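Asker: According to our numbering, the sequence shown is numbered sequentially starting from 5.
Every residue gets a Cβ at the ideal spot worked out from N, C-alpha and C, and that includes glycine.
Predicted model, so just to flag it, every value in this text is computed and none were measured.
Below: one structure in structure tokens.
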Amino acid sequence: MQLRLKPVAALLPLLFVSQLHAQQSLEPVVVTATRVETRVSEVLSDITVIDRAEIERSAGGTVIDLLSRQPGVQVATSGGPGTSASLYLRGAKPDQTKVLIDGLPINSIDASGSPLRFIPLANVERIEILRGPGSMLYGADAVGGVIQIFTRKGTPGLKADGFVGYGSDDTFKTSAGVSAGNERWRFRVEGSHDDFRGISAMRDATNKDGDKDGYRNTGGAISTSFLPAEGHEIGLSFRQNEGRAHYDSGDVPAASLFDAYQDFRTKQWQVFARNRLSANWNSQLQYGQTTDWQKNVSTWSPSGSDFETESRLLSWQNDVSLALGTLVAGLERLEQEARVQDGFDATEISNNSVYIGWNADMGPHRWQLSGRHDDHSEFGSENTYGLAYGYQLTSMLRAQASYGTSFKAPRLDELFHPTWGGNPDLKPEKGENRELALIWDNGVHSVSATYYRNDVEDLITYVSLPPPVWGRNENVQEARLEGLTLAYAGNLGGVDVRATYDWLDATNETTDKRLGRRAEHKAQLDLMKTWGAFQAGMELIAVGSRYNDNNETNKLGGYGLVNLTGRYAINRNLALEARVDNLFDREYELARAYGWSGPAYVAYDTPGLNAFVGIRYTP
Numbered sequence: 005m006q007l008r009l010k011p012v013a014a015l016l017p018l019l020f021v022s023q024l025h026a027q028q029s030l031e032p033v034v035v036t037a038t039r040v041e042t043r044v045s046e047v048l049s050d051i052t053v054i055d056r057a058e059i060e061r062s063a064g065g066t067v068i069d070l071l072s073r074q075p076g077v078q079v080a081t082s083g084g085p086g087t088s089a090s091l092y093l094r095g096a097k098p099d100q101t102k103v104l105i106d107g108l109p110i111n112s113i114d115a116s117g118s119p120l121r122f123i124p125l126a127n128v129e130r131i132e133i134l135r136g137p138g139s140m141l142y143g144a145d146a147v148g149g150v151i152q153i154f155t156r157k158g159t160p161g162l163k164a165d166g167f168v169g170y171g172s173d174d175t176f177k178t179s180a181g182v183s184a185g186n187e188r189w190r191f192r193v194e195g196s197h198d199d200f201r202g203i204s205a206m207r208d209a210t211n212k213d214g215d216k217d218g219y220r221n222t223g224g225a226i227s228t229s230f231l232p233a234e235g236h237e238i239g240l241s242f243r244q245n246e247g248r249a250h251y252d253s254g255d256v257p258a259a260s261l262f263d264a265y266q267d268f269r270t271k272q273w274q275v276f277a278r279n280r281l282s283a284n285w286n287s288q289l290q291y292g293q294t295t296d297w298q299k300n301v302s303t304w305s306p307s308g309s310d311f312e313t314e315s316r317l318l319s320w321q322n323d324v325s326l327a328l329g330t331l332v333a334g335l336e337r338l339e340q341e342a343r344v345q346d347g348f349d350a351t352e353i354s355n356n357s358v359y360i361g362w363n364a365d366m367g368p369h370r371w372q373l374s375g376r377h378d379d380h381s382e383f384g385s386e387n388t389y390g391l392a393y394g395y396q397l398t399s400m401l402r403a404q405a406s407y408g409t410s411f412k413a414p415r416l417d418e419l420f421h422p423t424w425g426g427n428p429d430l431k432p433e434k435g436e437n438r439e440l441a442l443i444w445d446n447g448v449h450s451v452s453a454t455y456y457r458n459d460v461e462d463l464i465t466y467v468s469l470p471p472p473v474w475g476r477n478e479n480v481q482e483a484r485l486e487g488l489t490l491a492y493a494g495n496l497g498g499v500d501v502r503a504t505y506d507w508l509d510a511t512n513e514t515t516d517k518r519l520g521r522r523a524e525h526k527a528q529l530d531l532m533k534t535w536g537a538f539q540a541g542m543e544l545i546a547v548g549s550r551y552n553d554n555n556e557t558n559k560l561g562g563y564g565l566v567n568l569t570g571r572y573a574i575n576r577n578l579a580l581e582a583r584v585d586n587l588f589d590r591e592y593e594l595a596r597a598y599g600w601s602g603p604a605y606v607a608y609d610t611p612g613l614n615a616f617v618g619i620r621y622t623p
């Protein structure tokens, strides 16, 4: 596998040691950092690329699991797979990270948790994680950064692939796909099914919440494109996933009457046209729609509560090669709509945007400039901008710095929800993001140090109030998100090594208290060794203590995990894969819930020792 580990800003071969030297010349290309295809070594942003090899290495896992093992990322979940999940990128709130699938936003416009939990890994080709000020080209929601998922597409020739596996807690996964194509057209169709029967979402529950909370997710995707001439492509794609996720609604006596669950359905479709208008001018026109429907049945809503959100994006981007550098310019219109059972005062918001960026190399100097203008239907006009500069000190040593501003409009539910603290007087969150990095890379080993600071004004938080109001969303805080990432990647004695350490100071400057569910320290060591057809790996993960809330009153202990991976290539097309997580069966917590009938807080459960084995066919 090739992994661009930035802060590392270097090409790192972590898997398939036998191909190490051959792969060093095949530097990955990313698009999220500058919105155009750019070699990783030319990007002045903190970016990580997770390729298909690493995705397959996470056999039996989920997108949330995979992201939780990346530098600068922390995750809090309310139980096993499918339950609510909150992702913190460099300490930013979950809704302060923009999430895209093939360029379309999937950020939910309610507080139900990241829709990433419903995306099957079987449908994912690669993931790009863009942190910090390099995300200003993406506008609203990109305070902490951008996570972009690229789905699998058709390739020339006729190929079929498949996977089936089984593991602890009655975990079952299967997927299959067919790709076909030639020089004029591409086609892929695929399907997947995930089933998890396993653990109680709430630890030590004494009522019906003590049962096992299962999860199932069935989905499919289809994509096709036509290439009428060189440099021109017209395509469309569609994907849908639906299923049910059981969860625990609280340690309440009345909960014994209900086995709480959430039915969900996510679907996304898009059409696009990419055209090379001249030797120096490429254009892309895209229109797509994302729909997220959920129905919750619980103690609080025994008959079920429906919530559906829809996002529609129309975008036009142009890339022009200049005598010096590349110019990127585009227009976007984003419409977001909520259809809610208990009703909002307003159900639709929109945002019109124009952005421009310029990237250039001038000898040892590298520049990236960008600006964006947003016209929001609720909050009017907002301008954001960014500047990045890199200097090649020696052939192996580079220094770089960047600065960017950000803008985050309140969600629809934060503005208008009649039950959960809607406040139409909320102001947008605004941020100033700074980053300094020093990167050394000799092609085999890389070492980096990245310092960042993100100051966010008018941070939106839920403020508790006396009954019957309970609470309200308010702009009451300013946050400081400051941190340092140290990273190494390379090959030592035939073992591929990746090591990272994250220090994070996520503080509410209004109260001088740490923000909840963000650990100050996180470290990880990944080792991988290959012997012929055998491949074995080990992950050592350590996460420090943190608080469950923003008041420093409910502390979650630190924890350490040891995970193992293995792969045996039966032949060039067929492989046996295995994974063991939490080898020493450590008990740990990622989040807690209010305990209504017992202790003040009740821990959400996490999996203990668990194993998974599968067989994969990939021609």
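(1) On a Cα-Cα basis, can you pick out the residue from N245, R280, V275 and G149 that is closest to R316?
(2) I'd like to check one pair, E436 with D459: are the Cβ atoms closer than 8 angstroms?
(3) Grouping DSSP H, G and I as helix and E and B as strand, with all else coil, what is M206?
(4) Identify every run of the beta strand (DSSP E) within the segment 93-181, keeping only runs that are complete inside it and at least 3 residues long; order them along the chain.
(5) Am I right that R188 and T228 are in contact with their C-beta atoms under 8 angstroms? What's the rounded C-beta distance?
(6) Tell me the residue span of the alpha helix (DSSP H) that contains A264.
(7) Which two residues bound the contiguous alpha helix (DSSP H) that contains V67?
(8) Give a yes or no on contact between the segment 90-99 and the segment 514-526, applying the rule of three or more CB pairs nearer than 8 angstroms.
(9) Under 8 angstroms between the Cβ atoms of L108 and G224?
(10) Note the first and the last residue of the continuous beta strand (DSSP E) segment covering A493.
(11) Provide the residue span of the alpha helix (DSSP H) that contains F411, from first to last.
(12) I need the boundaries of the beta strand (DSSP E) containing E341, first residue and last residue.
(13) Using the Cα positions of D263 and D217, report the straight-line distance between them to the nearest angstrom.
(14) Please classify A429: is it buried, with 16 or more other beta-carbons within 10 angstroms of its beta-carbon, or exposed?
(15) List the endpoints of the continuous alpha helix (DSSP H) containing D417.
(16) I need the straight-line Cα distance from T515 to S45, nearest angstrom please.
(17) Suppose you measure from the CA of Y605 to the CA of D252; what does that come to, to the nearest Å?
(18) So I68 and R121 are supposed to be a Cβ contact under 8 angstroms. How far apart are they, rounded?
(19) Decide if G86 is buried, meaning its Cβ has at least 16 other Cβ atoms within 10 Å, or exposed.
(20) Find out if the Cβ-Cβ distance for the pair G64, G618 is shorter than 8 angstroms.
(21) Does I574 come out as helix, strand or coil in the three-state DSSP assignment?
(22) Could you give the DSSP three-state label for V566: helix, strand or coil?
(23) From which residue to which residue does the alpha helix (DSSP H) around A57 run?
(24) Can you check whether the CB of V332 is closer than 8 angstroms to the CB of Q340?
(25) Can you tell which of D174, T175, Q298 and F167 has the C-alpha that lies nearest to the C-alpha of G181?
(26) Drop a sphere of 10 angstroms on the beta-carbon of T398, count the other beta-carbons inside from all chains shown, and report buried for 16 or more, exposed for fewer.
(27) Considering only their Cβ atoms, is the gap separating T610 from E593 smaller than 8 angstroms?
(28) Taking just the CA atoms, how far does T622 sit from P17?
(29) Any contact between the segment 266-280 and the segment 236-248? By contact I mean 3 or more CB pairs, one from each, below 8 angstroms.
(30) By Cβ distance, which residues of its chain are closer than 6 angstroms to D462, with the 5 residues on each side in sequence left out?
(31) Taking F538 as the reference, give the member of G425, G185, I574 and A503 with the closest Cα.
(32) Going by Cα to Cα distance, which pick from Y608, F311 and G329 is closest to M366?
(33) Who are the Cβ neighbours of I110 in its own chain at under 6 angstroms, not counting the five residues just before and after it?
(34) Excluding the five sequence neighbours on either side, which residues of its own chain have a C-beta within less than 6 angstroms of the C-beta of A126, listed in chain order?
(35) DSSP puts Y389 in a beta bridge; with which residues?
(36) Enumerate in chain order the residues of its own chain whose CB-to-CB distance from A249 is below 7 angstroms, with the five nearest sequence positions on each side excluded.
Answerer: So, to answer that:
(1) Sequence index remark: in the sequence shown, residue 316 carries index 312 (1-based). Residue V275 is the option with its Cα nearest to R316.
(2) Residue numbering aside, residue 459 sits at position 455 when the sequence shown is read from its first letter. Residue numbering aside, residue 436 sits at position 432 when the sequence shown is read from its first letter. D459 places its beta carbon less than 8 angstroms from that of E436.
(3) For the purposes of this step, residue 206 is taken as residue 202 along the sequence shown, with counting starting at 1. Of the three classes helix, strand and coil, the one that applies to M206 here is strand, per DSSP.
(4) 101-105, 128-135, 149-155 and 163-171
(5) Working through the sequence shown from its first residue, we reach residue 188 at position 184. Working through the sequence shown from its first residue, we reach residue 228 at position 224. The Cβ separation is near 12 angstroms, so there is no contact.
(6) Within the sequence shown, residue 264 is the residue found at index 260, counting from 1. Here A264 belongs to no alpha helix (DSSP H), and DSSP marks it neither H nor E.
(7) Within the sequence shown, residue 67 is the residue found at index 63, counting from 1. Start and end: V67 to S72.
(8) A contact exists between the segment 90-99 and the segment 514-526.
(9) The residue given as residue 108 occupies position 104 in the sequence shown. The residue given as residue 224 occupies position 220 in the sequence shown. Not in contact: L108 and G224 (Cβ atoms no closer than 8 angstroms).
(10) In the sequence shown, residue 493 corresponds to position 489, counting from 1. Looking at the DSSP string, the run of the beta strand (DSSP E) that includes A493 is G475 to L496.
(11) The residue labelled residue 411 in the question sits at position 407 within the sequence shown. F411: not part of any alpha helix (DSSP H); member of the beta strand (DSSP E) spanning L401 to K412, first to last residue.
(12) Counting from 1 along the sequence shown, the entry for residue 341 is found at position 337. Unbroken beta strand (DSSP E) run through E341: T330 to V344.
(13) Here residue 263 corresponds to residue number 259 of the sequence shown, with the count starting at 1. Here residue 217 corresponds to residue number 213 of the sequence shown, with the count starting at 1. Roughly 9 angstroms separates the two Cα atoms.
(14) Numbered from its first residue, the sequence shown carries residue 429 at position 425. The residue asked about is misnamed: residue 429 is Asp in this sequence, not Ala. With fewer than 16 other Cβ atoms within 10 Å, it is exposed.
(15) Within the sequence shown, residue 417 is the residue found at index 413, counting from 1. Run containing D417: L416 to F420, per the alpha helix (DSSP H) assignment.
(16) In the sequence shown, residue 515 corresponds to position 511, counting from 1. In the sequence shown, residue 45 corresponds to position 41, counting from 1. When rounded, the distance between both Cα atoms is 41 angstroms.
(17) Residue numbering aside, residue 605 sits at position 601 when the sequence shown is read from its first letter. Residue numbering aside, residue 252 sits at position 248 when the sequence shown is read from its first letter. Each residue's alpha carbon lies about 13 angstroms from the other.
(18) The count along the sequence shown starts at 1 and reaches residue 68 at position 64. The count along the sequence shown starts at 1 and reaches residue 121 at position 117. The Cβ separation is near 5 angstroms, so the contact holds.
(19) Working through the sequence shown from its first residue, we reach residue 86 at position 82. Counting Cβ neighbours within 10 Å, G86 comes out buried, since at least 16 surround it.
(20) Position 60 of the sequence shown holds residue 64. Position 614 of the sequence shown holds residue 618. Yes. Within cutoff.
(21) Here residue 574 refers to the residue found at position 570 of the sequence shown. In the structure shown, I574 sits in coil (DSSP, three-state: anything other than H, G, I, E or B).
(22) Start at 1 with the first residue of the sequence shown, and residue 566 comes out as number 562. Strand.
(23) The residue you call residue 57 lines up with position 53 of the sequence shown. Element bounds for A57: R56 to R61.
(24) Within the sequence shown, the letter at position 336 stands for residue 340. Within the sequence shown, the letter at position 328 stands for residue 332. Contact flag unset, no.
(25) Taking the first residue of the sequence shown as position 1, residue 181 is located at position 177. Distances from the CA of G181 to each of D174, T175, Q298 and F167 were compared; the closest alpha carbon is that of F167.
(26) For the purposes of this step, residue 398 is identified with residue 394 of the sequence shown, where counting begins at 1. Exposed.
(27) Reading the sequence shown from its first residue, position 589 is the one you call residue 593. Reading the sequence shown from its first residue, position 606 is the one you call residue 610. Yes.
(28) The residue given as residue 17 occupies position 13 in the sequence shown. The residue given as residue 622 occupies position 618 in the sequence shown. Summary for P17: the model assigns pLDDT 31, below 50, so the residue's position carries little reliability; its value from the coordinates is reported in the next sentence. Spanning the two alpha carbons is a distance of roughly 21 angstroms.
(29) yes
(30) For the purposes of this step, residue 462 is identified with residue 458 of the sequence shown, where counting begins at 1. K431, E433 and N479.
(31) Residue 538 sits at position 534 when you count from the first residue of the sequence shown. Considering only alpha carbons, the answer is I574.
(32) Start at 1 with the first residue of the sequence shown, and residue 366 comes out as number 362. It is G329 whose Cα lies nearest to the Cα of M366.
(33) The sequence position of residue 110 within the sequence shown is 106, counting from 1. Excluding positions up to five away in sequence, the list reads V103, P119 and T294.
(34) Position 122 of the sequence shown, counting from 1, holds the residue named residue 126. Correct list, in chain order: S179 and S196.
(35) The residue you call residue 389 lines up with position 385 of the sequence shown. The partner list for Y389 (beta bridge, DSSP) reads G375.
(36) By one-based count along the sequence shown, residue 249 stands at place 245. Closer than 7 angstroms at Cβ, skipping near neighbours: G86, T87, Y219, Y265, Q266 and F268.
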